[in-house]
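Everything below concerns the one structure shown next.
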Amino acid sequence: MRIAMVGAGYVGLVTGACFSEFGTHAVCVDRNAARIDMLRRGDMPIYEPGLADLVARNATAGRLTFSTDLAAAVAEADIVFIAVGTPSRRGDGHADLSFVFDAAREVAAAAQGYTVLVTKSTVPVGTGARVAGIVAEQRPDAEIDVVSNPEFLREGAAIEDFIHPDRVVIGVETDRARAAMHELYRPLFLRETPILFTDRETAELTKYAANAFLAVKVTFINEIADLCERVGADVQDVARGMGLDRRIGGKFLHPGPGYGGSCFPKDTLALTRTASDAGSPMRLVEMAAAVNDARKQAMAARVVEALGGDATAKTVAVLGLAFKPNTDDMREAPSLALVPALQAAGATLRVYDPQAMASARPLLSDVTWCCDVYDAAAGAHCAVLVTEWNEFRAVDMNCLRSVMAAPVLLDLRNVYKPAEMAEAGFIYRGIGKGRAA
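Here our numbering = 1-based position in the sequence shown + 27.
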């Protein structure tokens, strides 16, 4: 079986590489010739643990190739995935589907013989039907079935999520398309992976519903953390007590400076817009998104408070810029709200991230870019841990304190233990720690 990925970005590249690992011949197609040249050289345009080795192994074996020629790739493919971006549309927050529809037109024009066209991009409910309409208008003579197969990949753990997924959701309308997708995912069927076949609309909505639920869960524990600080409780113990209930589970109950990334912010927004248009508003998701935005803005006030109420002429070390560890993704990262707010308060910023420095440079100005944790903390009156990279867990606290102008540490991810930080001589503040933190 041969597949083509239209779009060699995060989803398209990871999906194509993982399918090739299963033995499928995959070609990743992208209009960006520079990106395709990078991939052919073995250079990765994104940071994802294990991806470079996976791509190299399958490219060497001849199962994974890269091209700018969409028509040729589609003509040889049995299944074509659309994996292009669906950013929030300016003005109204709906998902911008122009790239999806353009890709559908090109695929329809190039398809030869029976072809399954799969929407892998995150799209609002009803998009598959619109794509099917475009295909029918473009090529009424073609044998093309349109399928929805949303991705559930966590940045930083995408390969593991693809090869050992919690579930696979596939929205089909014909038995022929179902058989083709069953064959493609045969390696996962053999492992007894839960694979849900449903209609297209249900598959599309499942993706948004899952992300919205997790966003609400994150927002909930963040508000519980704020309450813990007021009443003298420990949010980590509260979360542990909640998570032991199997109906709730412990994942996504880790308080922090607010969620970011490529999925939660835009997907919650798109879902609320879709729901509003359908006459079924989702007030809970709307409120979670608003609370999350406010939380990211409020983090600067915590830093100013830790500085004694005045950040003027103070130096702040920001440890971590990416929205989460094991990625260089800066989209909607809490640091993008924190840094400008601290600058507006009069602070000087020294910043460091293990992987996201290049991604962050076009987005942040008037900061000092540092080479490691200790460089960032040099002369700082406060260090703020924003992203929980493992590198930060292994910091030599005595060395860190020795290079700082004042031993103030604000831990927005609760990586460190308050008692240990106090013993190391730090004035330490975590999130949701109501007693002596």
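The beta-carbon is built from N, C-alpha and C at its ideal position, and this holds for glycine as well. Here the structure is a predicted model, which means the values were calculated and not measured.
Handout entry: Proximity winner among Leu-66, Gly-268, Ile-30, relative to Ala-79 (alpha-carbon distances)
Key = For Ala-79, the closest of Leu-66, Gly-268, Ile-30 by C-alpha to C-alpha distance is Leu-66.
Practice task
Taking only the alpha-carbon atoms, compute the straight-line gap between Thr-142 and Val-107 and give it to the nearest angstrom.
Solution key: So the alpha carbons of these two residues sit roughly 7 Å apart.
Problem - Nearest-angstrom Cα separation, counted from Asp-172 out to Val-127 - result: When the Cα atoms are used, Val-127 and Asp-172 turn out to be separated by approximately 16 Å.
Practice task
Classify Ala-463 as buried or exposed, calling it buried when 16 or more other Cβ atoms lie within 10 Å of its own Cβ.
Solution key: Because Ala-463 carries a pLDDT of 48, less than 50, the predicted location of this residue cannot be relied on, and the following value inherits that uncertainty. It counts as exposed.
Problem - Buried or exposed by the 16-neighbour rule on C-beta atoms within 10 Å, applied to Ile-500 - result: In this structure the chain extends from 28 to 464, so residue 500 is not present and cannot be described.
Practice task
Note the first and the last residue of the continuous beta strand (DSSP E) segment covering Tyr-455.
Solution key: In the DSSP assignment, Tyr-455 falls within the beta strand (DSSP E) that extends over 454-456.
Handout entry: Top-ranked residue by Cα proximity to Met-431, from Asp-423, Ala-407, Glu-332, Glu-450
Key = Among Asp-423, Ala-407, Glu-332, Glu-450, the Cα nearest to that of Met-431 is on Ala-407.
Handout entry: Sequence-distant residues of its chain with Cβ nearer than 6 Å to Ala-122 (five each side left out)
Key = Counting only Cβ-Cβ distances below 6 Å, and skipping sequence neighbours, we find Thr-113, Pro-151, Ala-297.
Practice task
Indicate, with yes or no, if the ligand MG has a heavy atom lying under 6 Å from the CB of Glu-219.
Solution key: No copy of the ligand MG occurs in the structure displayed, which carries no ligand at all.
Problem - N- and C-terminal bounds of the alpha helix (DSSP H) containing Arg-257 - result: Judged by DSSP secondary structure, Arg-257 falls within the alpha helix (DSSP H) whose first and last residues are 227-258.
Practice task
Given a cut-off of 7 Å, decide if Phe-419 and Leu-436 are closer than it, judged by their beta-carbon atoms.
Solution key: It is not a contact, given that the beta carbons lie outside the stated cut-off.
Handout entry: Helix, strand or coil at Ala-463 according to DSSP, with G and I counted as helix
Key = Model confidence at Ala-463 stands at a pLDDT of 48, short of 50, so the residue's coordinates are unreliable and nothing is read from them.
Exercise for the section: Assign Ile-63 to one of three DSSP states: helix, strand, or coil. Expected result: Helix.
Practice task
Consult DSSP for Val-199 and reduce its assignment to one of helix, strand or coil.
Solution key: Collapsing the DSSP output to three states places Val-199 in coil.
Exercise for the section: Using only alpha-carbon positions, find the residue among Ala-44, Arg-456, Met-269 that is nearest to Ala-522. Expected result: For the chain, the structure presents residues 28 to 464; residue 522 sits outside this window and is missing.
Practice task
On a CA-only basis, which of Gly-373, Arg-68, Pro-284 is nearest Ala-83? Give me that one, please.
Solution key: Of the candidates Gly-373, Arg-68, Pro-284, the one whose C-alpha sits nearest the C-alpha of Ala-83 is Arg-68.
Handout entry: Beta-carbon proximity check, Thr-295 vs Ala-239, cutoff 7 Å
Key = It is a contact, given that the beta carbons lie within the stated cut-off.
Exercise for the section: Measure the C-alpha to C-alpha separation of Val-442 and Glu-170 and round it to an integer number of angstroms. Expected result: Using only the alpha carbons, I get a separation of about 54 Å.
Exercise for the section: State yes or no: is the C-beta of Ala-364 within less than 7 Å of the C-beta of Asp-355? Expected result: Going by C-beta atoms, Ala-364 is not nearer than 7 Å to Asp-355.
Handout entry: Per DSSP, cross-strand counterpart(s) of Leu-527
Key = With the chain covering only 28 through 464, there is no way to say anything about residue 527.
Exercise for the section: Would you kindly work out how many angstroms separate the C-alpha atoms of Val-394 and Tyr-235, rounded to a whole number? Expected result: The C-alpha of Tyr-235 is placed about 36 Å away from the C-alpha of Val-394.
Practice task
Please name the residue in Thr-229, Gly-347, Glu-164 whose C-alpha comes closest to that of Pro-177.
Solution key: The candidate whose alpha carbon is nearest that of Pro-177 is Thr-229.
Practice task
Could you pull out every unbroken alpha helix (DSSP H) segment of at least 4 residues lying fully inside the region 91-134, listed in chain order?
Solution key: Listed in chain order, the complete alpha helix (DSSP H) runs (minimum 4 residues) inside the region 91-134 are 97-103.
Exercise for the section: Note down the Cα distance separating Ala-316 from Cys-290, rounded to an integer number of angstroms. Expected result: Approximately 12 Å between the Cα atoms of the pair.
Handout entry: Classification of Cys-398 by the beta-carbon crowding that lies within 10 angstroms, buried from 16 upward
Key = Around the beta carbon of Cys-398, fewer than 16 other beta carbons lie within 10 angstroms, which makes this residue exposed.
Problem - Ala-371 and Val-343 closer than 7 Å at C-beta - result: Going by C-beta atoms, Ala-371 is not nearer than 7 Å to Val-343.
Practice task
Give me whichever residues DSSP pairs with Leu-348 in a beta bridge.
Solution key: Note: Leu-348 sits in no beta bridge, so no partner.
Problem - Alpha carbon of Val-330 to alpha carbon of Asp-188, nearest angstrom - result: Going from the Cα of Val-330 to the Cα of Asp-188 covers about 35 Å.
Problem - Same chain, Cβ closer than 8 Å to Asp-320, five either side skipped, listed in chain order - result: Excluding its 5 nearest sequence neighbours in each direction, Asp-320 has C-beta neighbours in its own chain below 8 Å: Gly-285, listed in chain order.
Practice task
Report the partner residues of Tyr-379 according to the DSSP bridge assignment.
Solution key: DSSP output for Tyr-379 lists Leu-346 as bridge partner(s).
Problem - Beta-carbon separation (whole angstroms), Cys-409 vs Ala-433, contact threshold 8 Å - result: Their Cβ separation, rounded to whole angstroms, is 7 Å, which keeps Cys-409 and Ala-433 in contact under 8 Å.
Practice task
Going by CA-CA distance only, name the one from Trp-416, Ile-222, Asp-402, Leu-412 that's closest to Ser-429.
Solution key: Here the closest residue by C-alpha is Asp-402.
Problem - Secondary structure of Met-32, DSSP reduced to three states - result: Correct three-state label for Met-32: strand.
Problem - Helix, strand or coil at His-408 [DSSP, three-state] - result: In the structure shown, His-408 sits in coil (DSSP, three-state: anything other than H, G, I, E or B).
Exercise for the section: Under 6 Å Cβ to Cβ from Lys-244, same chain only, skipping five residues before and after it: list those, please. Expected result: Counting only residues of its own chain and dropping the five nearest sequence neighbours on each side, Lys-244 has a CB closer than 6 Å to the CB of Phe-279.
Practice task
Compare the beta carbon distance of Met-32 and Gly-43 with 7 Å and say whether it is the shorter of the two.
Solution key: Yes, they are a contact pair.
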